[in-house]
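As structure tokens, the structure follows; a few thoughts come after it.
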Amino acid sequence: MAAQDATMYWLSARTRNDLFLLYCFTDTGRPTADLRTFVAERSARIADLRVRARVVPGDLDYPSWVRCEFAADQLVEHVLAEPDWAHLQAALGEVLDTGVDAAVRPWRLHVFRGIVDAPGQNRAGPVLVAVLQMSHALADGRRAAEIARALFAEAEPEDEAAPNSVGWSIRSATSAPVDAVLALPQLPIRLVRTALRGYQAFRAQQKLAELTEAGSLPSPGPDFPPSLVNQAATEADSAHQVRMIVCDSAALRVPGRTVTVVVLTAVSLALGRYLDGRGGAVERLGAQVPMALSDTAMSNARNNYRSLSVDLRIDEPDLRRRADKIATAMADRRMRAQHPLLGAQDRVTSIVPAPLLRRDVDRYPLAAVPDSIAGHTVVSSVHRGPANLVFGGGRVRFTGGFPAIGSVMRLTHGVHGLGETVTISLHADSATIPDLDAYAELLRTALDETCRVLK
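Now the structure itself:
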């Protein structure tokens, strides 16, 4: 594994950080046994879905990927007390509180059958909801969408006997103890290389500061004081909850602005009003927005993105100007995030000896909320392509996704396009956001208001 991916794997032992990709299909009534057979046969032809992690004893080296076969329990059918959308959303909250062990199998498919009153334009007949749960060590949001597309594509994928995508390396059939023995001589070499690259990173930081001061490069993203939606809750009080707003993509298209900017503008309205209504108004509001990097940025990593800190400019009352300022902030953050000098720290991380990185992951204070944070919420946006996916003979209707919540981000937003639909998915902690329906309604209103004004 690359260091970034191993970090995600080790973090999964301390917090829920799996990816959850939801796809809603028309339910044709095909038996679940047939669905399991289909998944077994299809996954056998997708390289990303036939591996598991192998841990090196003592974490003397990074975990590696080894081949494995599909197991029947990787497809789980959930039977609800009532097969309606409200009960589905409640069940999804429970699913999001689970984690896969990548050392056993790094993915699982949850299936819900015969669900009525699903949202969206085409509401005829019951739906089949499939949720692909995936270890974050295996993929980031963009790569996970590609894996899901291969699983549900109408056409059979080419057999990936020889994986050709980035971030792929399968360890040969040596044993884990042998891996540990082979790693020992490499530790002092890695330490020396880490020191050398650390100095290079220090020089890169100096150069970045010079370019920033000269005005040649945008400044780093701002920090914000925590708000009411950034309060850590105890395990006893916490429960995952989700809501989904399914939109016609045409309704969110505004000339000259991306869907991401439109949604960020709406979130600025809704979250600001929500905090004000709970007596926790803030002067500044920010969001963390993950941005995919080019495949060459971290060529051997499956997690290839940076999080941008974006000021939502709630100080600007004019929505048109607010959207313009958010778009400008996004462009500035992207420019800085893509600068080659910023990759110097990544090159340090990529060769840090595994025991040192594992120690840092174990010691990171996940339960603490710092005095300043990079954003009050997450808005993760991925377009998942055309709506030509099929499962159990049923056509796909829409997709959704739920960025993980943590000690700081207790409310997150997923923005996922598929064909002519865009779904805004909300994922929240019930102890910190006890009235998610109220926030969802504020966001629906804000989306309508934002689109009306910007158009």
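For the sequence shown, our numbering gives the first residue as 1, with consecutive numbering after it.
Glycine is no exception: its CB is placed at the ideal position from the N, C-alpha and C atoms.
Nonlocal neighbours in the same chain, by C-beta distance under 7 Å from residue i, ignoring five residues either side
i	result
VAL127	CYS24, PHE25, THR26, ASP27, ILE115, ALA118, ARG397
LEU319	THR265, THR450, VAL453, LEU454
HIS87	LEU80, ALA81
THR7	LEU357, VAL361
LEU30	It should be pointed out that residue 30 corresponds to Arg in this sequence rather than to Leu. Hits under 7 Å: GLY392, GLY393.
ALA173	Because the pLDDT of ALA173 is 48, which lies under 50, any placement of that residue in the model is unreliable, and the question is left without a value.
SER350	ALA2, ALA3
MET222	Rather than Met, the amino acid found at residue 222 in this sequence is Pro. Cβ neighbours of PRO222 beyond the five flanking positions: GLY286, SER309, ASP311.
ASP248	GLN121, GLU420, THR421
VAL254	VAL262, CYS451, LEU454, LYS455
ALA72	ARG36
ASN388	GLU154
ASP332	PRO218
SER165	Unreliable positioning characterises SER165 in this predicted model, as indicated by a pLDDT of 45, which lies under 50. The coordinate reading is nonetheless provided below. No residues qualify anywhere along the chain.
LEU22	VAL129, VAL131, THR399, GLY400, GLY401
Residue i, buried or exposed, once every other Cβ within 10 Å from all chains shown has been counted against 16
i	result
PRO63	buried
THR399	buried
PRO340	exposed
THR37	exposed
ALA53	buried
MET494	The question about residue 494 has no answer, for the chain in this structure spans 1 to 455.
SER219	exposed
ARG143	buried
ARG14	exposed
PRO370	exposed
LEU342	buried
ASP59	buried
ILE189	exposed
ARG363	exposed
ASP346	buried
GLN206	exposed
ALA33	exposed
ALA148	buried
GLY406	buried
TYR335	Here the sequence assigns Met to residue 335, which means Tyr is not the residue at that position. Result: exposed.
ALA270	buried
LEU366	exposed
ASP460	The question about residue 460 has no answer here: the residues shown for the chain are numbered 1 through 455.
SER227	buried
ARG302	buried
SER12	buried
ARG321	exposed
Sequence-distant residues of the same chain with beta carbon closer than 8 Å to residue i, five excluded per side
i	result
VAL267	ALA287, LEU312, THR377, VAL379, HIS413, LEU443, ALA446
ARG123	ASP117
Close-in-space but distant-in-sequence residues of the same chain around residue i (CB under 6 Å, 5 per side omitted)
i	result
ASP435	none
ILE314	SER268, GLY272, LEU285
ARG306	MET291, ALA337
ASP84	VAL116, ASP117
GLN74	ARG105, ARG108
ALA428	GLN241, LEU411, LEU436
Anticipated Cβ contact below 8 Å, residue i with residue j, distance rounded
i	j	result
ARG410	ILE433	6 Å
ARG16	ASP101	Not a contact, Cβ separation roughly 13 Å.
GLN241	GLY93	5 Å
ALA130	VAL111	6 Å
SER381	PHE402	SER381 to PHE402, Cβ: 13 Å. No contact.
GLY99	ASP18	5 Å
ARG67	ARG50	6 Å
VAL390	PHE20	About 20 Å; that fails the 8 Å criterion.
GLU354	ASP61	The sequence shown places Ala at residue 354, not Glu. That pair is a contact at about 5 Å.
Exercise for the section: Jot down the residue ranges of each uninterrupted beta strand (DSSP E) in the stretch 262–338, minimum 3 residues, whole runs only, in chain order. Expected result: 286–292, 305–311
Handout entry: 3 or more residues per run - each beta strand (DSSP E) lying fully within the stretch 341–419
Key = Within the stretch 341–419, the beta strand (DSSP E) runs of at least 3 residues that lie entirely inside it are, in chain order, 377–383, 394–401, 411–418.
Practice task
Decide if the stretch 255–264 is in contact with the stretch 409–426; the criterion is three or more beta carbon pairs, one per stretch, under 8 Å apart.
Solution key: yes
Handout entry: the stretch 135–151 / the stretch 94–112 touching (three or more Cβ pairs under 8 Å)
Key = yes
Handout entry: Segments assigned beta strand (DSSP E), at least 3 residues, entirely inside the stretch 24–88
Key = 51–54, 64–67, 75–78
Handout entry: Uninterrupted beta strand (DSSP E) stretches inside the stretch 90–152 (no shorter than 3 residues)
Key = 107–115, 127–134
Practice task
Could you name each continuous alpha helix (DSSP H) segment of 4 residues or more that falls completely within the stretch 423–452, going from the start of the chain to the end?
Solution key: none
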